[in-house]
Each structure stands twice: as C-alpha cells, then as structure tokens.
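Encoded as structure tokens, the structure appears first; notes follow it.
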Amino acid sequence: MVGIGFRKDFATTLLQSPSFNPAFIEVAPENWIGVGGYWKKLFNQALEKYPLYTHGLSLSVGSPDELDLNFLQKVKTFLRDTNAQIYSEHLSYSKCDNAHLYDLLPIPFTAEAVRHVSRRIRQVQDFLERKIAIEIVSYYTPVAPELTEIAFINAILEEAGCNLLLDVNNVYVNGFNHQYDAKAFIDQLPMDKVAYIHMAGHEKVSDDLIIDTHGEAIIDPVYDLFAYTIQRLDRDVPVLLERDFNIPELDELQQEINRLQQIKNVHLKNPRYATA
Amino acid sequence: MQLPETTHQHQSALADYCRTGKYSAIPGVREQHVTQYRRLVYNVVDDMLQSAYPLTHHLLTTREWNALVQEFFSNHPCQSPQVWYMPKELFEYLSPKEHKLKNKYPFLLELLWLEWLEVELFMMEDRPAAYTTIGDISTDELVLNPEHHLQQFQYPVHLKTAKQLTPADKGGYFLVLFRKPDSGEVNFINLSPALVAMLEILQEGPQTMDALIRQCCAAWQLQLSPEIQAAAHAFITQSLDNRLIIGFKSKH
C-alpha cells in the first residue's frame, strides 16, 4: 500500500486521472481545517475515492510553549470528520515563545527535552484518544546536544508510548549531513513501533549538506535504504511518496509508487498488514 | 508544564535567529548550516505573503517589500497555526501603526484588506443557504448569496491599479465581494450607496423584488419611479445571473 501527499498543485489532475492510482492520500490537517468552497469540494471528492492519512505541521510537540489545545481540538474534529487512519506529527518544534515559525526546527537532544516532549506526546494522545506516529525529521545542525540522535529518539518513543513514522529519506539525509551509517541507525530503531513510512527526494546543496526538499525524485541509495528497512521490518506498513515542489507529470509519480510497491513485494514474501 | 530553562533558551535562540536573522552563538550548532533554517523559515513566510498580496508586492519596491516582511516577521509573533491564514496578521500588524509605507501609499491598508478579503472568501468554510434556482423574479423572494462581504473604501483599490491611485481619488467607494457557488471563484461588483442599502436589506432575509425596491426608496426618501424600478430590476437580474443573489426562497 503506497499513497501520495494530496497537493493542491495536482489535486484536480489526480482526481481525473485514470492511470494514477495511489492506495491512499495524505494531507496536513492545517491546510484543510476551516476550508470551504472550491478546495473543500475537491477534498470531499478525494475522500470519496481514497482513505486519508494525516501528517501535521504546526502542533509543535517539541515546543517549549504550552500545547495549543484549541488547535488540537480542531485537529481532533478534523480526524473524526474525515475518518483519518493515522495522525502523525514531527519530532521538532515550529512554534517558540508564542510565535509560529512555519518550519521544522531541531529539538536539542537533551534529557530535559526527552521528558518534556514525551509528556507532551502523551498529552496529545490522551486528548485525541488515539496513538500518534512521530516522525524523525531531517536536520542541518544539532543544537546543544547532550545525547546522540538515536538515544534521543528511542527514549522519546519509549517514554511517550507513541508510534514511529519512519521517514527513510530523512534518515539518509541525516546520515549524510551528520556522517553516520544510515543502515546502522535503522538497525537501532524499534521496528515494532513503525506504523508508517515516508519516502521522498532531496537536494544536495553542498559537499557536506543535503536539504530535505521533497522536490526531486527519490534517488537510488534511498530506494536501497527503503529495501533494507522493509527487510528489517518484515511486515507491511503503509508507505507515502511525498512530493511537494517541482511536481512532475503524474505518470512519473506513478512510476515511483510502482517501484516502492515492487520493493515491498520483493522483500515481503508473505505480506502481512500489521501496524504497530 | 514548562521546559527547564537551558533547553528552552537554546530553542528560543534558534527561533529568534530564524525570525530576525540575527545569530547569537548556540552550543553545538554548525554555523555554516544553521543559515538554512533562517532561509527556509523566511522563505515560507515571504512566499505566503507574496501569494496572498500579489498587488501589494507588485506596488512596493523590492527593498520596501523585503523590509516590510522582515519587520513584520521579526516584530510580530505569528499566531495562526495555519500558514494560509497567517497573511491576515500582516494587515492586522500594520493597521494600528504609524508607518512610513502608509504615508507613502495612503491606500496601502485598503489594498491589503481587499487582497485578504479575496483570499478569505475563497478559502472560508461554506455558509449553507436554503434556496432554489427555479423561481419568478417578479414574485418570488430573493435569497442573497451568504458567502459575500460588503465593503466600503476611501480609495478605489478595486477599480484602479495601485500605481495609478492618487490622493485625488480619495472619496467613498462601495463594493460587494462574493464567492460563486459552483466554481468557488471570488468576484466583486462596484456598488452605489442605494445598491448597498438593497443588499443590506437582503442580508436580513429573503425579499420579493417589489418589497426590496419599496424599502430602499423609503430608506432613501425617494419617489418610486419607472427609472428606479428598471435600474433595480436590471441589477437584480444581473445578480441572479452572477449568483450574488443565489436564487429564490423555496416555497416548501
């Protein structure tokens, strides 16, 4: 099961195309809450055709600020109204000192942050009355780290009792940017907590930096890391192809979806659907 | 539940840098790469503002636009978790302030507001209305499209390009913006004060054309004449056609 991020850039084409067949769509609730008119009609058509997965942007679970419970209530209503299968968010912060930043900043890898973020994720799960999946984000610099990245992530997964959204491209990007072995990193993750996988393209902007743009096709080494991840998982989980910018013809996206599905088929001899 | 001080301070320092572009050393940060965060954050905000305010972006010089975005994002803590809604906060930020751009472009606030109204009307939640499209214009009660906004401006920002506006244009201008029910497209119509009164009466509830014209004439202390009737009929016919008047009150 491979889905696609539902972008306004290609929403109409997606709904009309007979040859583009994602298994599900994913949206950020923030982009659709309180929206009516033309986009609401299109979104409702999409919901009639595809199951919905959701991936939040603004909850800012890593923020030092208090959680925005008013916003979280809107998310809860949205998840209920759209029958969303999964709600995921980022292990990062996008709001600080009462100001939204609209991008994902890296949380300092500290024991304080582990306790704080884990508490907040538990609070979110209690409020939403569902488990959420938390995504390992790509990052371009550490910030005041006391722990390793893997220790930080695993401690939060353990203390928060949440699921993991494993963005394989992010692990590749982070491995490159911070000079570690991406496969060894994946080996250390709790595979039983992986509920959802993201795949995307990126852009290498210098000899020592890759930016997670979602604006290019997936490259072969990331497909290889995906194959490795699927083997380690040994069970089927939903996979999302993210493409947010520089959108190609849908045929090209379908080819990427086919390749992801093919890799799953090859490595899962007896595919079982079991989410964490 | 507050985060202990040290981690919070580092997070604040990074967030401040992203908002202001002024970097203060943060332990462990690779300074040659941290610039990406400032670039990414700033670009999201700049792109959203350009997208919401294309006419204002076109009016201002590049230097003025960049300075405005920088000033807004540095000084104003953005409150909306929904990035598409954030541009409204630029209008709200500028509204109460003395600002050199408002002196140079006295119509700037009105231009921003017009642009924001278009965004908000296009995006806003549906407002349900009970109506039928089958009816008789002469006898049936008319239903106003609930997805509309009546607006008064001092400058004709909806009629002239911003660069053509001069102080001599200052006056009183009325318009209605509305969302077409089928396409979701936002249209506007320039209005006379009498037509504004007519729409305000329709905002209260459905009315027949005759009742509407009579109430308007009474409000404006006008003698009902064939000319007034013909003009009102023409406006209502056009409004039914373009769906400012969405249809007729259902009889069932």
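Chain order of the listed sequences is Z and D. In terms of our numbering, the first sequence is numbered consecutively and its last residue is 276. In terms of our numbering, the second sequence is numbered consecutively and its last residue is 528. Just so it is clear, CB atoms sit at the ideal spot from N, CA and C, and this is done for glycine as well.
- L498 (chain D) counts as exposed, since fewer than 16 other beta carbons sit within 10 angstroms of its beta carbon.
- Contact note: S58 (chain Z) reaches chain D through S356, P357, Q358, V359, using a C-beta cutoff of 9 Å and chain order.
- V310 (chain D) and H178 (chain Z) have their alpha carbons spaced roughly 13 Å apart.
- DSSP, read as helix, strand or coil, puts R115 (chain Z) in helix.
- Those residues of the stretch 179 to 207 of chain Z placed with their C-beta closer than 9 Å to a C-beta in chain D are V205, S206, ordered along the chain.
- Taking the C-beta atoms as reference points, G5 (chain Z) is found nearer than 8 Å to L240 (chain Z).
- Contact between the stretch 23 to 41 of chain Z and the stretch 329 to 349 of chain D is absent: fewer than 3 CB-CB pairs across the two stretches fall below 8 Å.
- Contact check for T408 (chain D) against T484 (chain D) fails: the beta carbons are separated by 8 Å or more.
- Beyond the five residues adjoining it in sequence on each side, V237 (chain Z) comes within less than 7 Å, by CB distance, of V194, A195, Y196, I197, T275 in the same chain, given in chain order.
- Residues of the same chain with a CB within less than 8 Å of the CB of D181 (chain Z), apart from the 5 flanking positions on each side, are G175 in chain order.
- Per DSSP, F226 (chain Z) is one residue of the alpha helix (DSSP H) stretching across 220 to 233.
- Residue-level contact check: H55 (chain Z) does not touch chain D, since none of the beta carbons of chain D fall below 8 Å from its beta carbon.
- By the beta-carbon neighbour count (other beta carbons within 10 angstroms, threshold 16), I410 (chain D) is exposed.
- Taken through DSSP and simplified to helix, strand or coil, R80 (chain Z) comes out as helix.
- Neighbourhood of L105 (chain Z) in chain D, by CB distance below 9 Å: Q287, L290, A291, C294, Y313, V317, in chain order.
- At least one CB of chain D lies nearer than 8 Å to the CB of T110 (chain Z).
- Your pair F109 (chain Z) and P145 (chain Z) checks out as a contact, with CB atoms roughly 4 Å apart and the cut at 8 Å.
- Excluding sequence positions up to five before and after K204 (chain Z), its CB lies within less than 6 Å of the CB of I210, all in the same chain and listed in chain order.
- As the crow flies, the alpha-carbon of A133 (chain Z) is around 25 Å from that of V320 (chain D).
- The beta carbon of C354 (chain D) is closer than 7 Å to those of M362, E365 in its chain, skipping five residues each way along the sequence.
- Closest option to Y381 (chain D), judged by alpha-carbon separation, among D:S288, D:A291, D:H334, D:T513: D:H334.
- Counting only the Cα atoms, L104 (chain Z) lies some 8 Å from H90 (chain Z).
- Secondary-structure assignment with DSSP links Y431 (chain D) through no beta bridge to anything.
- Membership of A301 (chain D) in any beta strand (DSSP E) is not indicated, and neither H nor E is assigned to it by DSSP.
- Its chain contains M324 as the residues whose beta carbon lies nearer than 6 Å to that of V359 (chain D), once the 5 sequence neighbours on both sides are disregarded; these appear in chain order.
- In the DSSP assignment, G3 (chain Z) falls within the unbroken beta strand (DSSP E) covering 2 to 5.
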